[in-house]
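Here the working numbering is used: the first residue of the sequence shown is 55, the next is one more, and so on. Using N, Cα and C, we set each Cβ at its ideal position, and we do this for glycine too. This report concerns only the one structure given below.
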Amino acid sequence: MKQNTHRARRRRNAVIGLLIGLIGSSAGCYRFTEVESTEQVPGLSPWDAGIYAQYVAQNMEELNRRYTGQYEPVEFVVDTAAGSAKVQDLIDPSATALLAEVIAEPDSGSAAIIEAISEVVRLRFEYIPEPEAWAPVGETLLAGRGDCKNLSILLMSALTASGVDAYAAVSNGHMWVRAYDGQQWRILETDTDSDRNQIYRIPGFYEDPLYKIFPDRSLKRIPR
Numbered sequence: 055m056k057q058n059t060h061r062a063r064r065r066r067n068a069v070i071g072l073l074i075g076l077i078g079s080s081a082g083c084y085r086f087t088e089v090e091s092t093e094q095v096p097g098l099s100p101w102d103a104g105i106y107a108q109y110v111a112q113n114m115e116e117l118n119r120r121y122t123g124q125y126e127p128v129e130f131v132v133d134t135a136a137g138s139a140k141v142q143d144l145i146d147p148s149a150t151a152l153l154a155e156v157i158a159e160p161d162s163g164s165a166a167i168i169e170a171i172s173e174v175v176r177l178r179f180e181y182i183p184e185p186e187a188w189a190p191v192g193e194t195l196l197a198g199r200g201d202c203k204n205l206s207i208l209l210m211s212a213l214t215a216s217g218v219d220a221y222a223a224v225s226n227g228h229m230w231v232r233a234y235d236g237q238q239w240r241i242l243e244t245d246t247d248s249d250r251n252q253i254y255r256i257p258g259f260y261e262d263p264l265y266k267i268f269p270d271r272s273l274k275r276i277p278r
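In structure tokens:
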């Protein structure tokens, strides 16, 4: 019994460690890496809800211990199928083909534009829970699918092209979008799974993300 308990604990800790990696360098350049899936860990399905919830609780506590709530500029480097690139190189605000289908009234206002574009992304693009390679917006449009980061980059690009202020947030092994509707910053989630969204509702999940990615710059929380 003790051996089985120890084995289960090792599997749980292995998956938590595999969910996300953040590797920093002294030059102020940060590389974001992810494993393709957790399938190589026997007995656990990818993105196990219980393990992810445990990871989130531990990670939020650790981030608040190590970082302040203030931000500083950073170069955010990712690995794509074509090699390394700054995340801004993947963002394409010229993705107006998507916008043309959803904005009937040019003066409908930021709130209506946000709702329309978000709905198109949620309904027409398949969400993939297992991490995929980082991809430019054009590839995501052609594929018709993406994980949290690629769909978030697509959503942010479309909002930016429409004139809405928006950025992508990265924290807790997840990525989402925040957009300004003229009165407040809205949280936009590309993942529609109800079980995972319960975890995203853990108090503090969306607050003070480790990274903020804008079309022209990236920011990271300042270490204590």
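Setting aside the 5 residues that flank it on each side, N113 is surrounded in the same chain by N226, each with a C-beta closer than 7 Å to its C-beta; the list follows chain order.
According to the DSSP assignment, S216 belongs to no beta strand (DSSP E), since it is labelled neither H nor E. For the options E169, H228 and L209, the alpha carbon positioned closest to that of F179 is the one of L209. Here the stretch 180-199 lies against the stretch 123-138, with 3 or more beta-carbon pairs under 8 Å apart. In this structure the stretch 198-209 touches the stretch 239-254; the number of beta carbon pairs closer than 8 Å is three or more.
Using a Cβ-Cβ distance cut-off of 8 Å, the stretch 190-199 and the stretch 141-151 are in contact, since at least three pairs of beta carbons, one from each stretch, lie closer than that value.
Straight through space, the alpha carbons of D249 and K140 are spaced by roughly 32 Å.
Here D235 carries a coil assignment [DSSP, helix/strand/coil]. Taking 8 Å as the cut-off, the Cβ atoms of I267 and Y234 do not count as close.
From the listed residues V128, L144, G137 and E129, the smallest Cα separation to A212 is found for L144. If you draw a 10 Å sphere on the C-beta of L177, you find fewer than 16 other C-beta atoms in it, and that means exposed. Between Q238 and I105, the alpha-carbon positions lie close to 33 Å from each other. For G104, no beta strand (DSSP E) encloses it; the enclosing alpha helix (DSSP H) starts and ends at A103 to R120. With contacts defined as CB atoms closer than 8 Å, L264 and V224 qualify as a contacting pair.
Annotation: V128 is outside any alpha helix (DSSP H) and is labelled neither H nor E by DSSP. Looking only at E173, D219 and A215, the smallest Cα-Cα distance to V191 is reached by A215.
Contact between Y125 and R278 is absent: CB atoms are separated by about 13 Å, not below the 8 Å threshold.
If you look at R275, you'll find it in the beta strand (DSSP E) that goes S272 to P277.
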